[in-house]
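Below you'll find the structure, written out as structure tokens, and then a few comments.
Residue numbers (the numbering used here): 17 to 123.
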């Protein structure tokens with residue numbers, strides 16, 4: 017069977033290289049306010065509660081995620097150029113965030 021469009025395109029974006037000054041999901045949403053509003057936005061925290069300097073955003077559609085990625089990748093935020101990349105298609109934002117945190121703590 018052929019892969020359907022939603023399986024090929026992720027609705028989730030991983031935003032990393034976030035500046036240390038950015039402390040809450042609200043700060044990130046405010047910085048990306050000219051783009052689509054995500055349905056899920058959470059900053060990654062390690063086991064000890066320290067901020068891992070990345071976040072996962074999930075949008076209502078893959079098209080919205082693509083547009084947000086195009087608008088915000090490389091944006092200057094708090095003196096740092098943030099990187100906005102697509103997550104693997106499929107899992108929702110919450111699952112993706114957990115997987116990325118787990119992968120980072122193993123590294």
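Positions of the beta carbon are idealized from the N, C-alpha and C atoms, including for glycine.
- When only Cα atoms are considered, residue 24 and residue 92 end up about 29 Å apart.
- Rounded to whole angstroms, the separation of the alpha carbons of residue 51 and residue 87 is 7 Å.
- In the DSSP assignment, residue 44 falls within the alpha helix (DSSP H) that extends over 41-47.
- Spatial neighbours of residue 117 in its own chain (CB-CB distance under 6 Å, excluding positions within 5 residues in sequence) are listed in chain order as 60.
- If the five residues before and after residue 45 are omitted, its C-beta is found closer than 8 Å to the C-beta atoms of 53, 54 and 57, all from its own chain and listed in chain order.
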